[in-house]
Amino acid sequence: MTVTVAGLVLASPVMVASGCAGTGRELAGYAPLSTYGAVVTRSITRDPRPGAQVPGIAETPAGLVHATGLPNPGLDGFLATELPWLLTEGARVVVSVVARELGEYAEVARRLATAPGVSAVEVNLAQPDAVAAGVLDVREPFHVGAAVSAVLRELPRGVPVLAKLRPDTVRVAEAVKVAADAGAAAVVLGGALPAALPDGRDAGLSGPAVRPLALRCVADARRALDAAGATCDVVASGGIVTPQDARAFLDLGAVAVQVGSALLHDPTTAARLATALSTPEVTP
Amino acid sequence: MTPVHVTAEVLASKRIGAHQHLTLVAPGVGERFRPGSFVAVSVGSAAERWHLARRAFWIHQVRPLGGYAATVTLVVEPRGPGSRWLAARQRGDTVEVTGPLGGRAFALPKEPVPVLLVGEGYAAAPLFTLAERLRERDCPVSLVLGAADEAHLLSALEARRIARSVTVVTGDGSVGARGTVPDVLPEALRRSGAAVVYAAGSTPTLHAAALAAEEHGAWSQVALEQQTTCGTGLCLGCPVPVVGEEGVARTARACVDGPVLRGDRVRWGDLR
Chain H
11 MTVTVAGLVL ASPVMVASGC AGTGRELAGY APLSTYGAVV TRSITRDPRP
61 GAQVPGIAET PAGLVHATGL PNPGLDGFLA TELPWLLTEG ARVVVSVVAR
111 ELGEYAEVAR RLATAPGVSA VEVNLAQPDA VAAGVLDVRE PFHVGAAVSA
161 VLRELPRGVP VLAKLRPDTV RVAEAVKVAA DAGAAAVVLG GALPAALPDG
211 RDAGLSGPAV RPLALRCVAD ARRALDAAGA TCDVVASGGI VTPQDARAFL
261 DLGAVAVQVG SALLHDPTTA ARLATALSTP EVTP
Chain Z
123 MTPVHVTAEV LASKRIGAHQ HLTLVAPGVG ERFRPGSFVA VSVGSAAERW
173 HLARRAFWIH QVRPLGGYAA TVTLVVEPRG PGSRWLAARQ RGDTVEVTGP
223 LGGRAFALPK EPVPVLLVGE GYAAAPLFTL AERLRERDCP VSLVLGAADE
273 AHLLSALEAR RIARSVTVVT GDGSVGARGT VPDVLPEALR RSGAAVVYAA
323 GSTPTLHAAA LAAEEHGAWS QVALEQQTTC GTGLCLGCPV PVVGEEGVAR
373 TARACVDGPV LRGDRVRWGD LR
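In the order they appear, the protein sequences are chains H and Z.
Plus 10 on top of the position in the first sequence (first one is 1) and you've got the working numbering.
Plus 122 on top of the position in the second sequence (first one is 1) and you've got the working numbering.
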């Protein structure tokens, strides 16, 4: 079942969400990476980051609270080792990027623009612990527009920008319109909700616990974009586990879904979902 | 060691002391196992997904049983909601299991050198199959087993079958000497003349084993028990501060870069 997302033709509407595939290698043992519509990398920063030195994931009813500190090898390390490997495994690669300020977003995008094999760039504007993690704290819709423009300006035609936004039910309509105006070909709703770990550290909340919020955001986003006459796609994420979950989002106008925290519980979830969605639903 | 994700069936569940020994039919897990690898278990009903994080358990034994070629036995100490749920599973129940997991299991010496195995409580589980592999290589095996009390001591009888010498130590003195594992390590190392120390237990015990090994001029291999969210390497949530090649400080993942690490590579002071 192919779908068109942000102008890209993908083999499946099921994508692997950012930050839940390790380096990609750890996921590849359970199903070929070509099974997924796309693999979104963990968020890559300009410079390498070791990530949190103390465990930063806690279980909460039907969810996970997490603050891993964005561990990643930096752009150079990613381009030298991880990206080529993902491509040889047949993955459609969407690179998630996050930066401290707009200039750094532009710099990262400029270097990604010359890297072969990057299908799209997902701009992480939903980091739930942005201040603690030392990255751009996206509080206002104009921040969304500025970051999307900064990245888009540097990318060649044919490499679309996906804007990953906070599932903020109050301001989602405003944020998606700004993202679409700035040229985002799709919005991803949503990232983790700002939350705190039991010890009070800033963190994000993900998992089935946030699904109803994500569902509302997707519905409002689609309505707002349609009302504004924007062609921007909506990609859903937020606690998707079962084919029923995915269909609920698709029925509201999402063109694809991203599976994240469910993979930590069962690494075969996204592959099973891709299979389930490729076969038409049988109504008894 | 490519892991598989399977629905396992409980073949047997036996209470021994404070532990529940759970034997699973988990096709593909036992066949690929090495001493020091583990499984990640889902807790609760798959339909509810109330508990998203998984619980990691050492593979204690792999053996043919009940017509199955490679059943997998786990040692569960019921402590939190996850381990209590798993310990309550009955014969015929099913559990979602991913395994065998771990990027690095225990590394075996090429030469038949004397070795010391150090285990504490239920965490000593992976040492028994390790001892068998070491004996196959003609390594003289000595063993230190410790626990808070007799109920929490793992298979001391089994230990006497597989090891040349066994030192047992309990916190309350209910069996063996009274004390802790670190108390008896220097003497055990001296007597065994071990060239390699293999340790599995709490972080302070692993640290003590790594230090004692270093003082004694031995290598150490420590099986870390970090809290895992996924166990598979996907979540990036189990950081272990280590000293990498060329002496550079790095952050490893306990699940895929471990769980067994060289004791002298761990930055113990930074480990939480």
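By construction, the Cβ of each residue, glycine as well, lies at the ideal position given by its N, Cα and C atoms.
Computed from a predicted structure; not experimentally measured.
Checklist entry - Candidates Ala148/Z, Gln183/Z and Arg312/Z: which alpha carbon is nearest Thr251/Z's? => result Taking the first residue of the second sequence as position 1, residue 251/Z is located at position 129. Thr251/Z has its Cα closest to that of Gln183/Z, out of Ala148/Z, Gln183/Z and Arg312/Z.
Checklist entry - Are there 16 or more other CB atoms within 10 angstroms of the CB of Gln212/Z, so buried, or fewer, so exposed? => result Position 90 of the second sequence, counted from the start, is the residue given in the question as residue 212/Z. It counts as exposed.
Checklist entry - Three or more beta-carbon pairs under 8 Å between the segment 95-115 of chain H and the segment 65-75 of chain H, yes or no? => result no
Checklist entry - Any Cβ of chain H within less than 8 Å of the Cβ of Gly355/Z? => result For the purposes of this step, residue 355/Z is taken as the residue at position 233 of the second sequence. With 8 Å as the cut-off, Gly355/Z counts as an interface residue toward chain H.
Next on the checklist: Could you check whether Gly385/Z and Ser324/Z sit closer than 8 Å to each other, using their CB atoms as the reference points?
Outcome noted: Here residue 324/Z corresponds to residue number 202 of the second sequence, with the count starting at 1. Here residue 385/Z corresponds to residue number 263 of the second sequence, with the count starting at 1. Against a cut-off of 8 Å, the Cβ pair of Gly385/Z and Ser324/Z comes out as no contact.
Checklist entry - In this structure, does DSSP put Tyr46/H in helix, strand or coil? => result By one-based count along the first sequence, residue 46/H stands at place 36. DSSP places Tyr46/H in coil when its eight states are reduced to three.
Next on the checklist: Determine, for Leu346/Z, whether the minimum Cβ-Cβ distance to residues of chain H falls below 8 Å.
Outcome noted: For this step, residue 346/Z is matched to residue 224 along the second sequence. Judged by the 8 Å Cβ criterion, Leu346/Z is not in contact with chain H.
Checklist entry - Cα separation between Ala116/H and Asp139/H? => result Here residue 116/H refers to the residue found at position 106 when the first sequence is read from its first residue. Here residue 139/H refers to the residue found at position 129 when the first sequence is read from its first residue. The straight-line gap from Cα to Cα measures roughly 22 Å.
Item to check | Nearest-angstrom Cβ-Cβ length linking Asp276/H and Ser164/Z, presumed shorter than 8 Å | outcome: In the first sequence, counting from the first residue as 1, residue 276/H sits at position 266. In the second sequence, counting from the first residue as 1, residue 164/Z sits at position 42. The Cβ separation is near 7 Å, so the contact holds.
Item to check | Reference Gly127/H, options Gly239/H, Val145/H and Leu96/H, closest by Cα | outcome: Numbered from 1 along the first sequence, position 117 holds the residue referred to as residue 127/H. Out of Gly239/H, Val145/H and Leu96/H, Leu96/H has the C-alpha closest to the C-alpha of Gly127/H.
Checklist entry - Of all the CB atoms in chain Z, is at least one closer than 8 Å to the CB of Gly73/H? => result In the first sequence, the residue the question calls residue 73/H occupies position 63. For Gly73/H, the answer is yes, since a Cβ of chain Z falls inside 8 Å of its Cβ.
Checklist entry - Is Ala322/Z closer than 8 Å to Ala285/Z when the C-beta atoms are compared? => result Within the second sequence, the letter at position 163 stands for residue 285/Z. Within the second sequence, the letter at position 200 stands for residue 322/Z. Against a cut-off of 8 Å, the Cβ pair of Ala322/Z and Ala285/Z comes out as no contact.
Next on the checklist: So, with DSSP's three-state summary, where would you put Ala270/Z?
Outcome noted: Counting from 1 along the second sequence, the entry for residue 270/Z is found at position 148. DSSP places Ala270/Z in coil when its eight states are reduced to three.
Checklist entry - Going along chain H in order, which residues have a C-beta closer than 7 Å to the C-beta of Gln395/Z? => result Absent from the model: residue 395/Z. The displayed extent of chain Z is 123 to 394, so no value can be given.
Next on the checklist: Measuring only the C-alpha atoms, how far is Pro234/Z from Pro363/Z?
Outcome noted: Taking the first residue of the second sequence as 1, we reach residue 234/Z at position 112. Taking the first residue of the second sequence as 1, we reach residue 363/Z at position 241. Taking the straight line joining both Cα atoms gives about 32 Å.
Checklist entry - Taking the alpha helix (DSSP H) that His329/Z falls in, what are its first and last residues? => result Stepping through the second sequence from its first residue, residue 329/Z is reached at position 207. First-last of the alpha helix (DSSP H) with His329/Z: Thr325 to His338.
Checklist entry - Any residues in the segment 35-65 of chain H with a beta carbon nearer than 9 Å to a beta carbon of chain Z? Which ones, in chain order? => result Arg35, Glu36, Leu37, Gly39, Tyr40, Arg52, Pro60, Gly61, Ala62, Gln63, Val64 and Pro65
Checklist entry - Closest to His141/Z by CA distance: which of Gly152/Z, Ala246/Z, Gly355/Z and Glu367/Z is it? => result Position 19 of the second sequence, counted from the start, is the residue given in the question as residue 141/Z. Checked all of Gly152/Z, Ala246/Z, Gly355/Z and Glu367/Z; the closest Cα to His141/Z is Ala246/Z.
Checklist entry - Roughly how many angstroms separate the alpha carbons of Arg201/Z and Gly79/H, rounded to a whole number? => result Here the question's residue 201/Z lines up with position 79 in the second sequence. Here the question's residue 79/H lines up with position 69 in the first sequence. The straight-line gap from Cα to Cα measures roughly 29 Å.
Item to check | Interface residues of the segment 260-290 of chain H facing chain Z [CB-CB below 7 Å] | outcome: Ser271, Leu273, Leu274, His275, Asp276, Pro277 and Thr278
Checklist entry - If we count Cβ pairs, one from each stretch, closer than 8 Å, do we get three or more for the segment 278-294 of chain Z versus the segment 351-359 of chain Z? => result no
Checklist entry - To the nearest whole angstrom, what separates the beta carbons of Thr285/H and Val251/H, a pair I think is in contact under 8 Å? => result By 1-based counting over the first sequence, the position of residue 285/H is 275. By 1-based counting over the first sequence, the position of residue 251/H is 241. Wrong, their Cβ atoms sit about 14 Å apart, outside the cutoff.
Next on the checklist: Considering only their Cβ atoms, is the gap separating Ser22/H from Ser271/H smaller than 8 Å?
Outcome noted: Start at 1 with the first residue of the first sequence, and residue 271/H comes out as number 261. Start at 1 with the first residue of the first sequence, and residue 22/H comes out as number 12. Result no, Cβ atoms of Ser271/H and Ser22/H do not sit closer than 8 Å.
Checklist entry - Is the segment 332-341 of chain Z close to the segment 374-390 of chain Z, with three or more CB pairs under 8 Å? => result yes
Checklist entry - Whose C-alpha, out of Val158/H, Val49/H, Gly201/H and Arg181/H, is nearest the C-alpha of Pro170/H? => result For the purposes of this step, residue 170/H is taken as residue 160 along the first sequence, with counting starting at 1. If we check each option's Cα against that of Pro170/H, Val158/H comes out closest.
Item to check | Identity of the residues DSSP links to Pro138/H by a beta bridge | outcome: Position 128 of the first sequence, counting from 1, holds the residue named residue 138/H. Its beta-bridge partners do not exist; DSSP assigns none.
Checklist entry - Around the C-beta of Ala210/Z, are 16 or more other C-beta atoms found within 10 angstroms, so that it is buried, or is it exposed? => result One-based indexing of the second sequence puts residue 210/Z at position 88. With fewer than 16 other Cβ atoms within 10 Å, it is exposed.
Item to check | Close Cβ partners of Glu131/Z (< 6 Å) along its chain, the five nearest in sequence each way excluded | outcome: What you label residue 131/Z is simply residue 9 of the second sequence in a count that begins at 1. Taken in chain order, the residues that qualify are Val147 and Thr216.
Next on the checklist: Please list, in chain order, the chain Z residues whose beta carbon lies closer than 7 Å to that of His76/H.
Outcome noted: As a first step, residue 76/H is located in the first sequence; it is residue number 66 there, counting from the start. Simply Gly359.
Item to check | Closer than 9 Å at the beta carbon, the chain Z residues around Val251/H | outcome: As a working note, residue 251/H is residue 241 in the first sequence. The contacting residues are Arg171.
Item to check | Reference Arg300/Z, options Ala178/Z, Glu272/Z and Leu239/Z, closest by Cα | outcome: Residue mapping note: residue 300/Z aligns to position 178 of the second sequence, counting from 1. Comparing Cα-Cα distances from Arg300/Z to each of Ala178/Z, Glu272/Z and Leu239/Z, the minimum goes to Glu272/Z.
Next on the checklist: Can you tell me whether Thr220/Z is helix, strand or coil according to DSSP?
Outcome noted: Taking the first residue of the second sequence as position 1, residue 220/Z is located at position 98. Looking at Thr220/Z - three-state DSSP - the assignment turns out to be strand.
Checklist entry - Measuring CB to CB, does Leu262/H end up less than 8 Å from Leu225/H? => result Residue mapping note: residue 262/H aligns to position 252 of the first sequence, counting from 1. Residue mapping note: residue 225/H aligns to position 215 of the first sequence, counting from 1. Closer than 8 Å, so yes.
Checklist entry - Based on the DSSP secondary-structure assignment, which residues constitute the bridge partners of Glu242/Z? => result On the second sequence, residue 242/Z is found 120 positions in, with the first residue counted as 1. Answer by DSSP bridge pairing, in chain order: Gly268/Z.
Item to check | Contact under 8 Å by Cβ, Cys357/Z with Cys30/H | outcome: Translated into positions along the second sequence, residue 357/Z becomes position 235. Translated into positions along the first sequence, residue 30/H becomes position 20. Against a cut-off of 8 Å, the Cβ pair of Cys30/H and Cys357/Z comes out as a contact.
Item to check | Selected residue, minimal CA-CA separation from Gly84/H, among Ala62/H, Val107/H and Pro94/H | outcome: Stepping through the first sequence from its first residue, residue 84/H is reached at position 74. Among Ala62/H, Val107/H and Pro94/H, the Cα nearest to that of Gly84/H belongs to Val107/H.
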